[in-house]
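First comes the structure, then the notes that go with it.
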Amino acid sequence: MAGIVGYGAYIPRKRIKADEIALQWGKNPETIKRGLLLQEKSVPGFDEDTITISVSAGRSAIARAGIDPQKIGALYIGSESHPYAVKPSGTVAAEALGIGPEVHIADFEFACKAGTEAMFVALGLVEAGRVDYAMGIGADTSQGAPDDALEFSASAGGAAFIFGRDDMVAEVIETYSYTSDTPDFWRREGEFYPRHGGRFTGEPAYFKHVLAASRAILEKTGLKAEDFAYAVFHMPNGKFPMTAGKQLGFKKEQLDTGWVVPTMGNTYSGSSPTGLAAILDVAKPDDLILITSFGSGAGSDSFVLKATKRLPEVQGLAPTVRSMLDGPRQYVTYGEYAKFREKIIVNE
Amino acid sequence: MPSPRYTREIPSRYRLEAGRCKGCGKVTYPARTICPSCRGEEIEKINLSPRGKVVTSTVIHVPPDDFLMEAPYAMAVVETPEGARLMTQVVDCEPSTVLPGLEVSLEFRLIRKEGKSGILCYGHKAVPVA
Amino acid sequence: MREVAIVGAGMTRFGELWNQSLRQMFVEAAAGALNDAGADRVDSMYVGCMSGGQFTGQEHLGPLMADQFGMTGVASVHVESACASGGVALRQAFIEVAAGVSDLVLAVGIEKMTDGADVTNVLATAADQELEVYYGVTFPGLYAMIARAHMHTYGTTEEDLAWVSVKNHRHGAKNDKAQFPTEFTVEQVLSSSMVAEPLRLLHCSPVSDGAAAVLLCPLDQAKQYTDRPVKIVGSGLATGSLALADRDDPAFLDSVQKSGERAFKMAGVGPRDIQVAEVHDCFSIAEVCCIEALGFVERGKGGPAAKDGFTAIGGCIPVNTSGGLKAKGHPVGATGVAQAIEIFRQLRGEAGARQVENARLGLAQNMGGSGASSVVHIFQGV
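In order, the protein sequence lines correspond to chains U, B and P. Residue numbers 1059 to 1406, in our numbering, belong to the letters of the first sequence in order. Residue numbers 8 to 137, in our numbering, belong to the letters of the second sequence in order. Residue numbers 21 to 402, in our numbering, belong to the letters of the third sequence in order.
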């Protein structure tokens, strides 16, 4: 048996309201907010990227785990916005976190699923006895093209999870992955903005994979929706995860805690992992938790977790997701947003 | 910044590694070979706490070219609980609120980019404690 | 040690000298000094320049300038101590003459700042690259932090600082070599654009081109060149930490205090014996800190000195009668020598409308970086 021994999240303090983006493009803010169930989203500053988010989340995870970072034998960062096309994010993060040099490192990419992918592999290595501890991180500072629906959702943030066999805060009961080749969303090498298939991203992509993976893991574990205290599904907008949850038989109360998207936006690889972190911030011993990610391209990873007695002891050792969502925020104008996201061409 | 030079500074910039003189207790950031206070040569490595207090500050309105897009930004000399002082930007707040005495925490951030295609240079910046 | 005197001085106008190159400015100033003394040779030259390399791409200034001056073959070397390069060149020349190594030594300060380099970046090379500049600090930023510390500790106000600029521009308006011989009001200073809070544009010295040269010889040979030599009776050089963060009190300039003490000791005088002084007002706050560190006012009391008229012409200790770096201009490497020339003129009674009455002892203080190096000279009329 292996599971999570420490976790942490990070959300930038800068935010932009959906109204601000809608008005920029002559759209009705109320229609947008009602349609996507999004109020605002986090915006990375010039000095925040997948690496810095990973380090901040990773430091909180180490603080909660209470372990010597030198004991972490593997570090994986999943992201679709690694700052370098060639050169790992993980090496920078490991040096900053005091991990290594005896460590296995890789950067993962699988659209919005890269975070749970990193967690999946980290867990596997620990279960196999290959390493004592492994860290899996999902983090992103994704770009949405101007005047695209994604501009209302693509945000920045992430979460880090350390897996181990002792002193767990949540045991991993089961995992399941479901994958097919589905070109619903992509970004070609060298392109600045991603593209997507519009409504094709819904039924044949998100719902097909999220529902298949979730149903399969429920069947594999013999658990029903009502057995769970919490569930979180990948949050490309506010609507999809609620619809998926309800189709699987979950009630709003089970979904609300991890449903951080209305004020955070879609942090891509960090989306469902940050939702999981928000759940771990408040879960009680023996609570069952379901997390199902989704990455375009496409696939879903599902985990069933069970909180342990140790969880309440570590919840207060680092900032909670809620404290970052509701704490000090700086609202930016669309002009500032365009500047921060480097959408403005300037002289070298 | 050329990569070899950047690489040498990683321990102090990424992990806030500093030095404490075993003779007189003086803490320097980063660690030095010779203590500037007593000239002692027995220096132990310590890691600074990622927090401190603003000693003095400014808001840069006319920045160097590499920081053009970030201006105006606050900068401060921050003293950590160990007594080390370091120069840092203070971000995620209204720059004019950064004044002597402000309590800050130190977060890992991207500091500068070596042009459009060069290396990314990381380190710590201060953020006011909520 | 031999007694040393300045026997000739020459300088270019300070300002944006678009039509003059580094070497042309050198020749104008150096020739001016030799002509002033009626000399036709030098034994040795010191070229004070902060960064010919970064401002113009030109290093190896010692031989280049000797050659351009028609003196290929003489000993000639470039000295650098950031903005104190000129003052340090003067000190090296002084030491060489005092030591008896050479009889006729030229000290030249020079800088060409307007040839297209990123001036902010070049100046910042005088700060700590690893610990300060890496994080985006500028020189105005460093002095702004000194200013804020001074305001926080001693209650100095933005208006106090503005008065330093107002006073120096009043002085500079009487100097035909000055880059900005224009008077400003306190209101104009306080409404000028912000550079680094609390310092505004009119708290900052400008970007300038210029060169200044003085010719030194043993006092006992001075009469060959001039009837009115000026003796160098004290010279002090001191260093402080390059990084502001490494100083116990960021509002006090230790190096200035030490360099002053050393010069006063050599001269056998104290701050109260000085009738006229040029200090390094690269920013208004710098003058406040320097007059404190030199002992003209008590520590922490420098703020109101300009406003109260204490440091104005006609006050207790007129400071920066030339207009200072603020009004005269600050071609960084040239500044230290130009300060010495102002004192040279004052002690010879040649300062015209800005003449300080009965000036017998004068002081020039020139510093590098945010006060990491400081050099002080004390001069006496003969």
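Built from N, CA and C at the ideal position, the CB exists for glycine as well. What you are looking at is a predicted structure, and each value in this text was computed from that prediction instead of being measured.
Excluding sequence positions up to five before and after residue 1113(U), its CB lies within less than 7 Å of the CB of 1151, 1154 and 1155, all in the same chain and listed in chain order. Residues of the segment 1305-1330 of chain U whose Cβ lies closer than 8 Å to any Cβ of chain B: none. Of all residues in the segment 75-87 of chain B, the ones placed with a Cβ closer than 8 Å to any Cβ belonging to chain U are 75, 76 and 77, in chain order.
Contact between the segment 18-32 of chain B and the segment 50-66 of chain B is present: three or more C-beta pairs spanning the two stretches fall below 8 Å. In this structure, residue 68(P) keeps its C-beta atom at 8 Å or more from the C-beta atom of residue 288(P). Secondary structure of residue 76(B) (DSSP, three-state): helix.
Contacts with chain P at 8 Å (Cβ-Cβ) include residue 70(B). Counting only runs that start and end inside the segment 102-136 of chain B, there is no alpha helix (DSSP H) element of at least 4 residues. C-alpha of residue 28(P) to C-alpha of residue 63(P): approximately 15 Å in a straight line. In the three-state scheme derived from DSSP, where H, G and I count as helix and E and B as strand, residue 302(P) is classed as coil.
Spatial neighbours of residue 366(P) in its own chain (CB-CB distance under 6 Å, excluding positions within 5 residues in sequence) are listed in chain order as 296, 376, 379 and 382.
In this structure, DSSP gives residue 238(P) an extended state, which the three-state scheme calls strand. At the C-beta level, residue 1115(U) and residue 1220(U) stay beyond 8 Å of one another. Chain-ordered, the chain B residues with CB closer than 8 Å to the CB of residue 140(P) read 69, 70, 71 and 72. In the three-state DSSP reduction, residue 132(P) falls in the strand class (E or B). Shown here for residue 1392(U): same chain residues with a beta carbon closer than 6 Å to its own, the five before and five after excluded, namely 1078 and 1082 in chain order. Taking the Cα positions, residue 177(P) is about 9 Å away from residue 167(P). Secondary structure of residue 98(B) (DSSP, three-state): coil. For chain B, the residues of the segment 241-272 of chain P that bring a beta carbon within less than 9 Å of one of its beta carbons are 261, 263, 264, 265, 266, 267, 270 and 271, in chain order. Pairing residue 1195(U) with residue 1173(U) gives a Cβ-Cβ distance under 8 Å. Going by DSSP, residue 1198(U) is part of the beta strand (DSSP E) stretching over 1191-1199. With respect to the C-alpha of residue 22(P), the residue from 137(P), 328(P) and 120(P) having the closest C-alpha is 120(P).
A distance of 8 Å or more separates the beta carbons of residue 65(B) and residue 306(P). The beta carbon of residue 369(P) is closer than 7 Å to those of 375 in its chain, skipping five residues each way along the sequence. In this chain, the alpha helix (DSSP H) harbouring residue 1395(U) covers 1392-1398.
In chain B, no part has a C-beta under 8 Å from the C-beta of residue 77(P); the shortest such distance is about 18 Å.
Residue pairing for residue 1348(U): DSSP places it in a beta bridge opposite 1289(U) and 1362(U). With a threshold of 8 Å between beta carbons, residue 62(B) makes contact with chain P. Under the three-state reduction of DSSP output, residue 341(P) falls in the coil class, being neither helix nor strand. Its Cα nearest to that of residue 1281(U), the residue 1363(U) stands out among 1384(U), 1363(U) and 1205(U). Taking 8 Å as the cut-off, the Cβ atoms of residue 74(P) and residue 145(P) count as close.
Residues 1290, 1316 and 1318 of the same chain have their beta carbon placed closer than 6 Å to that of residue 1333(U), with the five preceding and five following residues left out of the count. The beta carbon of residue 1102(U) sits closer than 6 Å to those of 1070, 1199 and 1214, all from its chain and outside the five residues before and after it, given in chain order. Counted as a single uninterrupted DSSP element, the alpha helix (DSSP H) harbouring residue 1082(U) occupies residues 1076-1082.
Under DSSP, residue 397(P) shares a beta bridge with 255(P) and 384(P). Cβ neighbours of residue 1302(U) within its own chain (closer than 7 Å, five residues either side excluded): 1265, 1268, 1269 and 1291.
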